[in-house]
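Asker: One structure, pasted below without further comment.
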Amino acid sequence: MSIDIHLDEYLIPEEPYYAPQEDEIPLFEAAYANNIPVLLKGPTGCGKTRFMEHMAWRLKRPLVTVSCHDDLTASDLVGRYLIVGGETRWADGPLARAVRGGGICYLDEIVEARKDTTVVIHPLADDRRVLPIEKTGELLQAPEEFCLAISYNPGYQSVLKDLKQSTRQRFVSIEFDYPDAELESEIVAKESGLDDKMAARLVKFAGMTRNLKGSGLEEGASTRLLVHAAKLMHSGISPRVACRGAISETLTDDPEMLKAVNELSASLF
Ligand SMILES: Nc1ncnc2c1ncn2[C@@H]1O[C@H](COP(=O)(O)OP(=O)(O)O)[C@@H](O)[C@H]1O
Ligand SMILES: [Mg+2]
């Protein structure tokens, strides 16, 4: 099948660095080969987006990412009629574009989207692999190359933000979490240029904040925040200032909690 020219800009030209935690790469490849959609579960900042970029590069498919939010409607994904110079023209949304062009469509934080959006992915996520475009009467058949991936953070689960069984049971699920300390230090060092010793100390600090999850902190420091702090340190910012700016102040506004988190970093740096 020929690739829609408009998806070329979504191709990832160079290998994105991704350090696997377990067997998520072969698992994704097998799901892809069998036309089974994939659900990535895990907290924010633990590598889900990077993993998708890496897989898109590996599979040589364009990656169309949509960050879902509470205003996102089915039309935002599928498409709408636009009036251009007095003429009415159909414009594909990102999902329709990915289906037509045989790309990978990654719907990030799917539970944030409005309920009608999860309904449009259902026929795409089962054996039919079709996207009905109600407004044009079209029924798009997804080509072999198309892949649907969604992410979701079970940590924020509430009855409203839960992913329904009728949706989740269509997917192969891959669980993500923060990498173990050794691997996480390696990632932080590699991403920032910071030396291994300091990277390992940041990871230790992260562990302390993660222990505070549920007792004052909504979340501990993610790998993403560690990379930010490490980059600041590598640019010459002192570790305490870097940790405060990239980690403590990012995690909380509560003065008591801030003090506690800053004391933790002071004990290490
Ligand atoms: N396994 C990993 N390999 C390489 N980099 C990683 C990995 N996990 C996390 N990172 C780093 O953490 C950052 C945040 O990860 P990201 O994929 O954006 O998280 P998520 O999508 O889960 O919120 C990345 O930009 C990257 O620097
Ligand atoms: Mg992400």
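Using this note's numbering, the letters of the sequence shown map in sequence onto residues 3 to 271. Think of the CB as a built atom: it goes at the ideal place given N, C-alpha and C, for glycine as much as any other residue.
1) What residue range is occupied by the uninterrupted beta strand (DSSP E) comprising P134?
2) Would you be able to state if there are at least three C-beta pairs under 8 angstroms between the segment 104 to 114 and the segment 64 to 72?
3) Under the assumption that I152 contacts L41 (Cβ atoms under 8 angstroms), give the Cβ distance between them as a whole number of angstroms.
4) For P15, name the three-state secondary structure that DSSP assigns.
5) Answer yes or no: the CB of I112 versus the heavy atoms of ligand 1, is any distance below 6 angstroms?
6) CB-CB under 6 angstroms to H131, same chain, minus the five flanking residues each way: which ones, in chain order?
7) Check the C-beta distance from S194 over to H236 and give it rounded, since I have them as a contact under 8 angstroms.
8) Please state the DSSP three-state secondary structure of S77.
9) Alpha carbon to alpha carbon, how far is A113 from M54?
10) Using CA atoms only, rank isn't needed, just tell me which of R52, L9 and Y12 is closest to I27.
11) Using three-state DSSP, classify E177 as helix, strand or coil.
12) Who sits around ligand 1, taking every residue whose Cβ is closer than 5 angstroms to one of its heavy atoms?
13) For T169, which of helix, strand or coil comes out of DSSP?
14) DSSP on K233, reduced to helix/strand/coil?
15) In three-state DSSP terms, what is L97?
16) Roughly how many angstroms lie between the CA atoms of G218 and F173, to the nearest whole one?
17) Looking only at its chain, what residues have a beta carbon closer than 8 angstroms to the beta carbon of N281, apart from the 5 residues adjacent to it on each side?
18) Counting only beta-carbon atoms, is E193 nearer than 7 angstroms to chain B?
19) Terminal residues of the continuous beta strand (DSSP E) containing V66?
20) Count the other CB atoms, across all protein chains shown, that sit within 10 Å of the CB of L84; report buried if there are 16 or more and exposed otherwise.
21) Just how far apart, CA to CA, sit A262 and L74?
22) Using a Cβ-Cβ cutoff of less than 6 angstroms, which residues in the same chain neighbour D6 once the five nearest sequence positions on both sides are dropped?
23) Apply the 10 Å Cβ neighbour rule to G238 and answer buried if 16 or more other Cβ atoms are within range, or exposed otherwise.
24) Using three-state DSSP, classify R102 as helix, strand or coil.
25) Note down, in chain order, each residue of its chain lying with its Cβ closer than 7 angstroms to the Cβ of L150, except the 5 sequence neighbours on either side.
26) May I ask you to list the residues that DSSP assigns as paired with V122?
Answerer: Working from what's here:
1) For P134, the uninterrupted beta strand (DSSP E) segment begins and ends at V132 to I135.
2) Below 8 angstroms, enough C-beta pairs join the segment 64 to 72 and the segment 104 to 114 to call them touching: three or more.
3) Between the beta-carbon of I152 and that of L41 there is about 5 angstroms, and that keeps the pair under the 8 angstroms contact cut.
4) In the structure shown, P15 adopts coil according to DSSP, grouped into three states.
5) Remark: the shortest separation between the CB of I112 and any heavy atom of ligand 1 does not fall under 6 angstroms.
6) What sits at residue 131 in the sequence shown is Arg, not His. Result list for R131: A144, in chain order.
7) In this structure, S194 and H236 form a Cβ contact; the two beta carbons are roughly 5 angstroms apart against a cut-off of 8 angstroms.
8) Correct three-state label for S77: helix.
9) For the sequence presented, residue 113 should be read as Val rather than Ala. Between V113 and M54, the alpha-carbon positions lie close to 18 angstroms from each other.
10) Comparing Cα positions, the closest option is R52.
11) Judged by DSSP in its simplified three-state form, E177 adopts strand.
12) For ligand 1, the residues with a Cβ under 5 angstroms from any of its heavy atoms are, in chain order, Y20, A21, T46, G47, C48, G49, K50, T51, R52, I189, E193, T225, R226 and V229.
13) Helix, per DSSP.
14) Helix, per DSSP.
15) Reduced to three states, the DSSP call for L97 is helix.
16) Computed Cα separation, rounded: 34 angstroms.
17) In this structure the chain extends from 3 to 271, so residue 281 is not present and cannot be described.
18) Of the protein chains in this structure there is only one, and it is not chain B.
19) If you look at V66, you'll find it in the beta strand (DSSP E) that goes L65 to S69.
20) L84 is exposed by the Cβ-count criterion.
21) Rounded to the nearest angstrom, the two C-alpha atoms are 38 angstroms apart.
22) Residue confidence for D6 is low, a pLDDT of 47 falling below 50, so the modelled location carries little weight; the figure read from the coordinates is stated next. Closer than 6 angstroms at Cβ, skipping near neighbours: R102 and G103.
23) Exposed: under 16 other Cβ atoms inside 10 Å.
24) DSSP places R102 in helix when its eight states are reduced to three.
25) P39, C107, I123, L126 and A127.
26) According to DSSP, which records beta bridges pairwise, V122 is partnered with nothing at all.
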